[in-house]
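Just so you know, we're using our numbering here: the sequence shown kicks off at 4 and counts up by one. Ideal Cβ placement from N, Cα and C applies to all residues, glycine included. It should be emphasised that the depicted structure is a prediction, and the values quoted were computed from it without experimental measurement. One structure is given here, and the rest of the page talks about it.
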Amino acid sequence: MVEELVREILQSLPPHITLVAAAKTRTPDEALAAIRAGVKVIGHNYVQEAEQMFAVIGRQVQWHMIGHLQRNKVKKAVPIFDMIETVDSLQLAEVIDRVCEQHGKVMPVLIEINSGRPYFRVTKEIFEKIREENLPDVEMKFLSMGMSNSYRVAIEEGANIVRIGTKLFGPRE
């Protein structure tokens, strides 16, 4: 069932869109089914759950942190994740930077802006304004918006990363 749902979603997405399979509370077997169907990025809300799934799946896919990351969890997060989509403070960014330096790793991060569906357009405008600033060492390539019930609108408004869980895996138990 998961494989069928994943294929359906992937076929419906424009080619420039990155699908992040939001795997909160899902089992490694469910994630592996999604990977078999073509998922290339697993998103996790919790570092501890990601550690358990990563131990089974490893580097078959990319890993995105999509939940709130506490500063005290950064040391465990950096070795697992390929991107952190939820940087919500300068303090968190500084901790990530320090830990990445210790690991010899450059971590792509996305700045979290708390806006919902009616505000996708505003989020896109903020994204474009920052992009126009041409800030040194700042690349504005990714705009992650939308979830299972709003990803189509998010894509229309400019998202190139969408996080989908329920539509891929079914409702959480």
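| Item | Value |
| --- | --- |
| Per DSSP, the bridge partner or partners of Met68 | His47, Ile87 |
| Thr126, DSSP secondary structure in three states | helix |
| Nearest to Arg124 (by Cα), restricted to the options Tyr49, Asn152, Gly107, Ile158 | Ile158 |
| Pairwise C-alpha distance: Arg101 and Lys43 | 28 Å |
| CB contact flag (Arg194, Phe172, <8 Å) | Shown here, the chain extends from 4 to 176; a query on residue 194 therefore has no answer. |
| Per-residue DSSP class, three states only, for Leu16 | coil |
| Helix, strand or coil at Thr21 according to DSSP, with G and I counted as helix | strand |
| Proximity test, Cβ basis, 8 Å: Leu22 and chain D | Chain labels in this structure do not include chain D; a single protein chain is all it has. |
| Limits of the unbroken alpha helix (DSSP H) element including Arg175 | Counting along the chain, Arg175 falls outside any alpha helix (DSSP H), and DSSP gives it neither H nor E. |
| For Glu6 and Arg39, the rounded distance between their alpha carbons | 7 Å |
| Coil, strand or helix - Arg74 by DSSP | helix |
| For Thr114, three-class secondary structure by DSSP | Checking the sequence shown, residue 114 turns out to be Ile, not Thr. Ile114 falls in the strand class under three-state DSSP. |
| Limits of the beta strand (DSSP E) - the one that Arg29 falls within | Note, Arg29: premise wrong, no beta strand (DSSP E); not H, not E. |
| Buried or exposed by the 16-neighbour rule on C-beta atoms within 10 Å, applied to Leu138 | exposed |
| Nonlocal neighbours in the same chain, by C-beta distance under 6 Å from Ala24, ignoring five residues either side | Ala37, Val42, Ile45, Leu171 |
| Rounded straight-line distance, which links the Cα of Glu88 to that of Pro17 | 21 Å |
| Those residues which DSSP pairs with Ser147 across a bridge | Ile164 |
| DSSP state of Pro139 mapped onto helix, strand, coil | coil |
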